[in-house]
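Participant: In mature numbering (1 follows the signal peptide of the UniProt record, and there is no 0), the protein residues as written are -23 to -1, 1 to 254.
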Amino acid sequence: MLQKYLVYIILWFLSQLLIEINCQETPYVLKKRNEHTATLIDNKLYILGGSSINEVGKDFFYIDFSDSFNIQNLILTDLSNINIIPSHFGAGSARGGTYNDTLFICGGVGNISANKVELVYTFNTQSNSWTTPVTTGTIPILFDASIGIIDYNGKMYFWDGIGDIIAILDTKNLIWETRSSIGAPNIGLKSATTLLSNNKIIYIDSSASSLIKVYIYDIVNDTWSTKITSGTMPPKRLGASAVLGLDGQRVIIYGGSSDAKPVDSSLYELNLINYEW
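1) Would DSSP call N176 helix, strand or coil?
2) Give me whichever residues DSSP pairs with D44 in a beta bridge.
3) Report yes if the CB atom of F38 is closer than 7 Å to the CB atom of N60, and no otherwise.
4) Please state whether the Cβ-Cβ distance between N171 and V240 is less than 7 Å.
5) As an exercise, report each continuous beta strand (DSSP E) stretch of at least 3 residues that is fully enclosed by the stretch 220 to 245, in chain order.
6) Among T16, Y134, T14 and G73, which residue has its Cα nearest to the Cα of I179?
7) Which residue wins for smallest C-alpha separation from K167, given the options S123, N198, I62 and L247?
8) Would S28 and K9 qualify as a contact pair, given that the criterion is a beta-carbon distance under 7 Å?
9) Taking the beta carbon of D224 as the centre, do at least 16 other beta carbons fall within 10 Å, making it buried, or is it exposed?
10) How many angstroms separate the CA atom of F100 from the CA atom of I48?
11) Can you tell me where the beta strand (DSSP E) with F135 in it begins and where it stops?
12) In the DSSP assignment, find the beta strand (DSSP E) that holds L146 and state where it starts and stops.
13) So, under 8 Å CB-CB, W153 and T112 are touching, yes? Tell me the CB distance rounded to an integer number of Å.
14) Given this structure, state the Cα-to-Cα distance separating S186 from P212, to the nearest angstrom.
15) Using only the alpha-carbon positions, how far apart do S174 and T14 sit?
16) Tell me where the beta strand (DSSP E) around R72 begins and ends.
17) Please look up how many angstroms separate the CB atoms of K132 and D121, rounded, as I've assumed it's under 8 Å.
18) Report yes if the C-beta distance between T16 and S104 is below 7 Å; otherwise report no.
19) Please report the distance separating the alpha-carbon of W107 from that of Q226.
20) Taking G140 as the reference, give the member of D128, G125 and I159 with the closest Cα.
21) Would you mind reading off the limits of the beta strand (DSSP E) that contains Y192?
22) Apart from the five residues on each side of it in sequence, which residues of its chain come closer than 8 Å, Cβ to Cβ, to I189?
23) For L80, count neighbouring Cβ atoms within 10 angstroms of its own Cβ and tell me buried if that reaches 16, exposed if not.
24) Could you check the C-alpha separation between T3 and S57 for me, to the nearest Å?
25) Nearest to residue 255 by CA position, among Y192, I118, A169 and Y129, is which residue?
26) Counting only the same chain and skipping the five closest in sequence on each side, list residues whose C-beta sits under 8 Å from that of H65.
27) Roughly how many angstroms separate the alpha carbons of T115 and Y98, rounded to a whole number?
28) Looking at the secondary structure, which residues open and close the beta strand (DSSP E) in which R156 lies?
29) DSSP state of S106, grouped into three classes?
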């Protein structure tokens, strides 16, 4: 039960990065932002970068969910002074590596044109240190890395919703490969996505007027399938957050924007048994 509440609390917290929180007596004051990364590693939620009218692209901090906390008085730990990544937004992030305790940051766009953002950065959560690892294989160009997904074997999958090229990074061996995935749909950028319990990836169409279709990518067989949903469908939204429910039978989405405006604050659940919202 506590884990279920943690899922909802984290979704709530991510939404608050889009509307400034009143944080009292904290070493870091939250600022409004979007297109940042958020990665949960050992009960710590690491937030990095983002885009805003205020300069936030170099920000790096975490909140520790293993300790008791008050949502009206969040205590954040600021690590911005050790951040080596240039000011950026739109990167992909994941927990991976040999021991599954490393923060991976891939792709992204520099907030300043002179900023060169490397393809991959890693953060060691044990020593609090950044590195720029050397990767091999077929090095891709990541047009939109923000919906990168990592599977249960430590491989990150990057597909931007347009075209059929899927880039894959093995975070244990630091090797890239690419696939030309026949049958990939064209659903546009910033779709909500998450990994399912059967090691398949679900993509929720962000380009449609309502989220009536979802697409399932089988990472083992490199095949796609389409599911038509029913029920109370969420309206169109770009950049929503998606997580898999703890029972493995629901996908929960929250937030996003439509016509450059934030959408309603409702949580929507998709039943993976009958695909009903």
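Ideal Cβ positions, reconstructed from N, Cα and C, are used throughout, including at glycine. Just so we're clear, the structure is a prediction, and the values are computed from it rather than from any experiment.
Facilitator: With the given structure in hand:
1) The residue given as residue 176 occupies position 199 in the sequence shown. Judged by DSSP in its simplified three-state form, N176 adopts coil rather than helix or strand.
2) Locating residue 44 in the sequence shown gives position 67, where the first residue counts as 1. Beta-bridge pairing links D44 to no other residue.
3) If you number the sequence shown from 1, residue 38 lands on position 61. If you number the sequence shown from 1, residue 60 lands on position 83. No, they are not a contact pair.
4) Counted from its first residue, the sequence shown places residue 171 at position 194. Counted from its first residue, the sequence shown places residue 240 at position 263. Note on identity: in this sequence residue 171 is Thr, with Asn being the wrong assignment. No, they are not a contact pair.
5) List check, beta strand (DSSP E) in window: 227 to 231.
6) On the sequence shown, position 202 is the one that residue 179 refers to. When each option's Cα is compared against that of I179, the closest is Y134.
7) Within the sequence shown, the letter at position 190 stands for residue 167. Of the listed residues, the one whose Cα sits closest to K167 is S123.
8) The residue you call residue 28 lines up with position 51 of the sequence shown. The residue you call residue 9 lines up with position 32 of the sequence shown. Going by beta carbons, S28 and K9 fall outside the 7 Å limit.
9) The residue labelled residue 224 in the question sits at position 247 within the sequence shown. Answer is exposed; the Cβ neighbour count stays below 16.
10) For this step, residue 100 is matched to residue 123 along the sequence shown. For this step, residue 48 is matched to residue 71 along the sequence shown. Each residue's Cα considered, the two are about 27 Å apart.
11) As a first step, residue 135 is located in the sequence shown; it is residue number 158 there, counting from the start. Counting along the chain, F135 sits inside the beta strand (DSSP E) bounded by residues K132 to F135.
12) Position 169 of the sequence shown, counted from the first residue, corresponds to residue 146. Counting along the chain, the beta strand (DSSP E) containing L146 begins and ends at I142 to D147.
13) By 1-based counting over the sequence shown, the position of residue 153 is 176. By 1-based counting over the sequence shown, the position of residue 112 is 135. That belief holds up - the Cβ atoms of W153 and T112 are roughly 6 Å apart, short of 8 Å.
14) By one-based count along the sequence shown, residue 186 stands at place 209. By one-based count along the sequence shown, residue 212 stands at place 235. Approximately 6 Å between the Cα atoms of the pair.
15) In the sequence shown, counting from the first residue as 1, residue 174 sits at position 197. In the sequence shown, counting from the first residue as 1, residue 14 sits at position 37. Near 22 Å, if we compare the C-alpha coordinates of T14 and S174.
16) Taking the sequence shown and counting its residues from 1, the one referred to as residue 72 is at position 95. Going by DSSP, R72 is part of the beta strand (DSSP E) stretching over G69 to G73.
17) In the sequence shown, counting from the first residue as 1, residue 132 sits at position 155. In the sequence shown, counting from the first residue as 1, residue 121 sits at position 144. About 18 Å; that fails the 8 Å criterion.
18) To locate residue 16, count along the sequence shown from 1; it is residue 39. To locate residue 104, count along the sequence shown from 1; it is residue 127. It is not a contact, given that the beta carbons lie outside the stated cut-off.
19) Counting from one through the sequence shown, the residue named residue 107 turns up at place 130. Counting from one through the sequence shown, the residue named residue 226 turns up at place 249. Here the alpha carbons of Q226 and W107 stand approximately 36 Å from one another.
20) Counted from its first residue, the sequence shown places residue 140 at position 163. When the alpha-carbon of G140 is set against those of D128, G125 and I159, the nearest one is in I159.
21) Locating residue 192 in the sequence shown gives position 215, counting from the first residue. Y192: member of the beta strand (DSSP E) spanning K190 to D195, first to last residue.
22) Counted from its first residue, the sequence shown places residue 189 at position 212. If the five residues before and after I189 are omitted, its C-beta is found closer than 8 Å to the C-beta atoms of D182, I205, T206 and M210, all from its own chain and listed in chain order.
23) Counted from its first residue, the sequence shown places residue 80 at position 103. Buried, because 16 or more other Cβ atoms sit within 10 Å of the Cβ of L80.
24) In the sequence shown, residue 3 corresponds to position 26, counting from 1. In the sequence shown, residue 57 corresponds to position 80, counting from 1. In this prediction, T3 has a pLDDT of 43, which is less than 50 and means its spatial position is unreliable; what the coordinates show is noted afterwards. Straight-line Cα distance between these residues: approximately 15 Å.
25) Any answer about residue 255 is impossible in this case: the structure gives the chain only from -23 up to 254.
26) Locating residue 65 in the sequence shown gives position 88, where the first residue counts as 1. In the same chain as H65, and ignoring 5 residues on each side of it, the C-beta atoms closer than 8 Å to its own belong to G26, G34, G85, V86, G87, N88, N92 and V94, in chain order.
27) Counting from one through the sequence shown, the residue named residue 115 turns up at place 138. Counting from one through the sequence shown, the residue named residue 98 turns up at place 121. Rounded to the nearest angstrom, the gap between the Cα atoms of T115 and Y98 is 17 Å.
28) Position 179 of the sequence shown, counting from 1, holds the residue named residue 156. Annotation for R156: the continuous beta strand (DSSP E) segment containing it runs I152 to S157.
29) Numbered from 1 along the sequence shown, position 129 holds the residue referred to as residue 106. Residue state, collapsed to three classes: strand.
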